[in-house]
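Asks:
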DNA sequence: CCGCGACTCCGCCCCTGGGAGGAGATCGCC
DNA sequence: GGCGATCTCCTCCCAGGGGCGGAGTCGCGG
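Chains as they are written, first to last, in the UniProt record's numbering: chain A, 1 to 225; chain B, 1 to 225.
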């Protein structure tokens with residue numbers, strides 16, 4: 001059971017290099033090459049590979065979009081090709097976008113040949129694999145995102161009184177001062193006071209920013225309405 | 001420059017096994033052992049290791065909490081020990097919790113000795129590393145989060161023109177009409193027109209509701225700012 | 001007891017925001 | 001060519017939002 005691989009990179013030399021590395025492995029076969037995203041999508045459709053080695057920076061259609069087309073098609077069709085993304089630098093934007101696009105792996109181009117081959121085998125089995133520096137970044141984002149969700153008290157939010165948080169929640173539901181007043185059985189003036197306090201305490205300008213802050217801080221979250 | 005490691009597991013036999021594997025490496029030294037979370041935290045404080053090999057299931061204080069204490073202390077103190085979590089099963093809850101707690105790595109206990117040693121070296125360098133099956137799960141969660149953002153078209157949103165969506169995004173970042181105008185190089189009047197169209201098309205009253213809608217529809221999501 | 005913080009309420013003033021209504025430019029499609 | 005959609009810009013109007021200053025009640029803790 002050989003692993004069918006397609007190489008996608010706009011530099012022919014690089015493709016040749018990878019091909020030589022991979023052809024040396026008995027269980028891996030390079031069945032196709034592509035120089036840009038559009039070709040890649042066509043090749044994948046035509047050749048039904050197991051793994052696509054994808055450069056992220058390419059002309060015509062970039063690697064992210066190509067990854068989306070290829071990996072995304074797995075939802076309807078059964079056997080989608082797994083995409084292993086390669087890049088020279090570990091630029092944030094590309095990493096995040098590629099992973100969201102459904103890539104199964106992400107390696108830097110300076111990866112040792114052994115690691116590349118090992119990565120292809122892992123990915124062909126349906127697992128996933130990231131370069132350590134990227135894993136680290138992912139985990140950082142992961143760790144950074146949740147503290148704010150577990151205890152929705154990112155410092156500044158802790159300065160608000162109970163009532164102010166209550167008002168902020170209602171602001172974040174798009175309610176006007178009058179509506180909030182009716183909801184809380186207080187006068188509109190009182191609501192304005194609370195809103196004012198929230199704004200000054202959080203260093204915000206208007207209720208729109210307050211609503212945004214409520215979502216960003218995790219105080220309210222999508223779907224909770 | 002040897003890597004100082006502490007082993008944390010409630011099974012003495014397992015600790016001995018790991019110790020034998022690691023002591024065979026010239027650049028790794030096992031400087032301590034602990035049988036539960038509380039001991040682990042003490043040992044880390046006392047011995048200042050580089051890497052903590054942590055079992056996730058333990059009496060007294062579980063691995064997640066211990067990880068939180070150890071990795072979390074890195075925010076104030078400078079050199080926090082990196083935590084490499086080990087587990088028998090790749091149970092979702094533990095994985096997610098441990099990663100959120102700040103673990104730098106996650107491996108299954110059936111990992112080959114070579115891989116374990118390699119993982120410790122990677123983590124000692126400040127990078128991160130996950131078992132492929134866990135990487136896969138992480139990416140799936142990652143990718144699963146986006147589909148709703150890829151087609152942010154809960155019917156009504158589809159009625160907006162490209163420009164209107166663009167304006168809506170900026171409104172959802174708390175920007176005023178004047179700021180949006182500056183950002184898009186158009187007049188404030190134009191922005192007001194677009195905002196007005198967005199409101200009427202979506203059946204909303206003001207820009208606050210528009211911002212809320214942007215979050216609720218998945219057009220923008222927390223953390224994406 | 002007195003101070004302090006939280007919550008409540010008032011009036012005044014100004015500015016942003018949003019509605020109404022119109023208009024010119026470009027593009028693509030019939 | 002004509003038509004619709006999109007994007008752009010304008011004026012007039014006024015209600016709501018937010019800053020500012022002031023003030024009253026309650027409960028807690030020094």
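Here a beta-carbon is modelled for each residue, glycine too, at the ideal position from N, C-alpha and C.
Name the DSSP bridge partner or partners of residue 100 of chain A?
Replies: Position 100 of the first chain, counted from the start, is the residue given in the question as residue 100 of chain A. DSSP output for residue 100 of chain A lists no bridge partner at all.
Asks: What does the alpha-carbon distance come out to for the pair residue 78 of chain B and residue 94 of chain B?
Replies: Translated into the one-based positions of the second chain, residue 78 of chain B becomes position 78. Translated into the one-based positions of the second chain, residue 94 of chain B becomes position 94. In this prediction, residue 78 of chain B has a pLDDT of 47, which is less than 50 and means its spatial position is unreliable; what the coordinates show is noted afterwards. The straight-line gap from Cα to Cα measures roughly 26 Å.
Asks: What residue from B:63, B:18, B:81, B:23 has the CA that sits closest to residue 38 of chain B's CA?
Replies: Residue 38 of chain B sits at position 38 when you count from the first residue of the second chain. The residue with the shortest Cα to Cα distance from residue 38 of chain B is B:63.
Asks: Per the DSSP calculation, residue 55 of chain B is bridged to which residue(s)?
Replies: The residue given as residue 55 of chain B occupies position 55 in the second chain. Residue 55 of chain B is bridged to B:86.
Asks: Interface residues of chain B around residue 234 of chain A at Cβ under 9 Å?
Replies: Outside the modelled stretch of chain A, which goes from 1 to 225, sits residue 234 of chain A, for which no answer is possible.
Asks: Ends of the beta strand (DSSP E) at residue 29 of chain B?
Replies: Along the second chain, one-based indexing puts residue 29 of chain B at 29. Per DSSP, residue 29 of chain B belongs to the beta strand (DSSP E) from 28-34.
Asks: Do you know offhand how far residue 41 of chain B's Cα is from residue 66 of chain B's?
Replies: In the second chain, the residue the question calls residue 41 of chain B occupies position 41. In the second chain, the residue the question calls residue 66 of chain B occupies position 66. If I take the Cα positions, the gap works out to 6 Å.
Asks: Can you round the beta-carbon distance between residue 160 of chain A and residue 192 of chain A to whole angstroms, since I take them to be within the 8 Å contact cut?
Replies: Sequence index remark: in the first chain, residue 160 of chain A carries index 160 (1-based). Sequence index remark: in the first chain, residue 192 of chain A carries index 192 (1-based). That pair is no contact at about 16 Å.
Asks: With DSSP run on the structure shown, which of helix, strand or coil describes residue 136 of chain B?
Replies: Working through the second chain from its first residue, we reach residue 136 of chain B at position 136. Residue 136 of chain B: helix per DSSP, three-state reduction.
Asks: Under three-state DSSP, which class holds residue 108 of chain A?
Replies: Taking the first residue of the first chain as position 1, residue 108 of chain A is located at position 108. Strand at residue 108 of chain A.
Asks: Per DSSP, which one or two residues make a beta bridge with residue 130 of chain B?
Replies: Here residue 130 of chain B refers to the residue found at position 130 of the second chain. Note: residue 130 of chain B sits in a beta bridge opposite B:106.
Asks: Does the distance from the CB of residue 22 of chain A to the CB of residue 44 of chain A come in under 8 Å?
Replies: As a working note, residue 22 of chain A is residue 22 in the first chain. As a working note, residue 44 of chain A is residue 44 in the first chain. Contact flag unset, no.
Asks: Quick check on the DSSP output: the beta strand (DSSP E) that includes residue 205 of chain A runs from which residue to which?
Replies: Here the question's residue 205 of chain A lines up with position 205 in the first chain. It is not in any beta strand (DSSP E) - residue 205 of chain A carries neither H nor E in the DSSP assignment.
Asks: At the 8 Å Cβ level, is residue 215 of chain B part of the contact set with chain A, yes or no?
Replies: Position 215 of the second chain, counted from the first residue, corresponds to residue 215 of chain B. With 8 Å as the cut-off, residue 215 of chain B counts as an interface residue toward chain A.
Asks: Rounded to the nearest angstrom, what separates residue 49 of chain A and residue 87 of chain A at their Cα positions?
Replies: Mapped onto the first chain, residue 49 of chain A falls at position 49. Mapped onto the first chain, residue 87 of chain A falls at position 87. Cα-Cα distance, rounded: 21 Å.
Asks: Closer than 9 Å between beta carbons: that is the criterion. Which residues of the segment 124-142 of chain B meet it against chain A?
Replies: Taking 9 Å as the Cβ-Cβ cut-off against chain A, the residues of the segment 124-142 of chain B that qualify are 125, 126, 127, 128, 129, 130, 131, 132, 133, 134, 135, 136, 137, 138, 139, 140, 142.
Asks: Strictly under 8 Å for the Cβ-Cβ distance: is residue 67 of chain B near chain A by that measure?
Replies: For the purposes of this step, residue 67 of chain B is identified with residue 67 of the second chain, where counting begins at 1. Not an interface residue.
Asks: Any idea what DSSP makes of residue 219 of chain B, helix, strand or coil?
Replies: Here residue 219 of chain B corresponds to residue number 219 of the second chain, with the count starting at 1. Here residue 219 of chain B sits in coil by DSSP.
Asks: Taking DSSP's pairing of strands, which residues face residue 8 of chain A in a bridge?
Replies: Numbered from 1 along the first chain, position 8 holds the residue referred to as residue 8 of chain A. The partner list for residue 8 of chain A (beta bridge, DSSP) reads A:34, A:54.
Asks: Considering only residues of the same chain and omitting the five flanking positions on each side of residue 230 of chain A, which have a CB-CB separation below 7 Å?
Replies: Since the displayed chain A opens at 1 and closes at 225, residue 230 of chain A lies outside it and no answer follows.
Asks: Can you round the beta-carbon distance between residue 70 of chain A and residue 52 of chain A to whole angstroms, since I take them to be within the 8 Å contact cut?
Replies: Start at 1 with the first residue of the first chain, and residue 70 of chain A comes out as number 70. Start at 1 with the first residue of the first chain, and residue 52 of chain A comes out as number 52. Confirmed, Cβ separation roughly 6 Å.
Asks: Quick one: using the 10 Å Cβ neighbour count with 16 as the cut-off for buried, is residue 12 of chain B buried or exposed?
Replies: Mapped onto the second chain, residue 12 of chain B falls at position 12. Classification of residue 12 of chain B: exposed, given that the 10 Å Cβ count is below 16.
Asks: Provide the residue span of the alpha helix (DSSP H) that contains residue 170 of chain B, from first to last.
Replies: Position 170 of the second chain, counted from the start, is the residue given in the question as residue 170 of chain B. Here the alpha helix (DSSP H) through residue 170 of chain B covers 162-171.
Asks: Name, in chain order, the residues that DSSP records as bridge partners for residue 3 of chain A.
Replies: Translated into the one-based positions of the first chain, residue 3 of chain A becomes position 3. DSSP lists A:28 as partners of residue 3 of chain A.
Asks: So for residue 48 of chain B, helix, strand or coil by DSSP?
Replies: The residue labelled residue 48 of chain B in the question sits at position 48 within the second chain. Three-state DSSP puts residue 48 of chain B in coil, outside helix and strand.
Asks: Express the C-alpha separation of residue 116 of chain B and residue 146 of chain A in angstroms, rounding to a whole number.
Replies: Taking the first chain and counting its residues from 1, the one referred to as residue 146 of chain A is at position 146. Taking the second chain and counting its residues from 1, the one referred to as residue 116 of chain B is at position 116. Here the model assigns residue 146 of chain A a pLDDT of 42, short of 50, so the residue's position is not dependable and the matter cannot be decided.
Asks: Relative to the C-alpha of residue 32 of chain A, which candidate in A:9, A:132, A:111 has its C-alpha closest?
Replies: The count along the first chain starts at 1 and reaches residue 32 of chain A at position 32. Nearest option by C-alpha distance: A:9.
Asks: Give the residues of chain A in contact with residue 172 of chain B, contact being defined as C-beta atoms less than 8 Å apart.
Replies: Here residue 172 of chain B refers to the residue found at position 172 when the second chain is read from its first residue. Those are 212, listed as they occur along chain A.
Asks: When the Cα of residue 190 of chain A is compared with those of A:211, A:208, A:167, A:172, which residue comes out closest?
Replies: Residue 190 of chain A sits at position 190 when you count from the first residue of the first chain. Of A:211, A:208, A:167, A:172, the residue nearest in Cα terms is A:167.
Asks: Using the beta-carbon of each residue, which ones in chain A are nearer than 7 Å to residue 5 of chain B?
Replies: Within the second chain, the letter at position 5 stands for residue 5 of chain B. Residues of chain A passing the Cβ test: none, with the nearest at roughly 18 Å.
Asks: From the DSSP output, in three-state form, read off residue 175 of chain B for me.
Replies: On the second chain, position 175 is the one that residue 175 of chain B refers to. In the structure shown, residue 175 of chain B sits in coil (DSSP, three-state: anything other than H, G, I, E or B).
Asks: State the DSSP-derived secondary structure class of residue 61 of chain B, mapped to helix, strand or coil.
Replies: Here residue 61 of chain B is taken as the residue at index 61 of the second chain, counted from 1. Coil at residue 61 of chain B, not helix or strand.
Asks: Considering just the uninterrupted stretch of the alpha helix (DSSP H) at residue 186 of chain A, what are its terminal residues?
Replies: As a first step, residue 186 of chain A must be located in the first chain, where it is residue number 186. Where residue 186 of chain A is concerned, there is no enclosing alpha helix (DSSP H), given that its DSSP letter is neither H nor E.
Asks: Does residue 215 of chain A pass the burial test, meaning 16 or more other C-beta atoms within 10 Å, or should it be called exposed?
Replies: Here residue 215 of chain A corresponds to residue number 215 of the first chain, with the count starting at 1. The residue is buried, with at least 16 neighbouring Cβ atoms inside 10 Å.
Asks: Go ahead and label residue 185 of chain A buried or exposed: buried means 16 or more other beta carbons lie within 10 angstroms of its beta carbon, across all protein chains shown.
Replies: As a position in the first chain, residue 185 of chain A is number 185, starting the count at 1. Exposed, because fewer than 16 other Cβ atoms sit within 10 Å of the Cβ of residue 185 of chain A.
Asks: Helix, strand or coil: which one does DSSP assign to residue 23 of chain B?
Replies: One-based indexing of the second chain puts residue 23 of chain B at position 23. DSSP places residue 23 of chain B in helix when its eight states are reduced to three.
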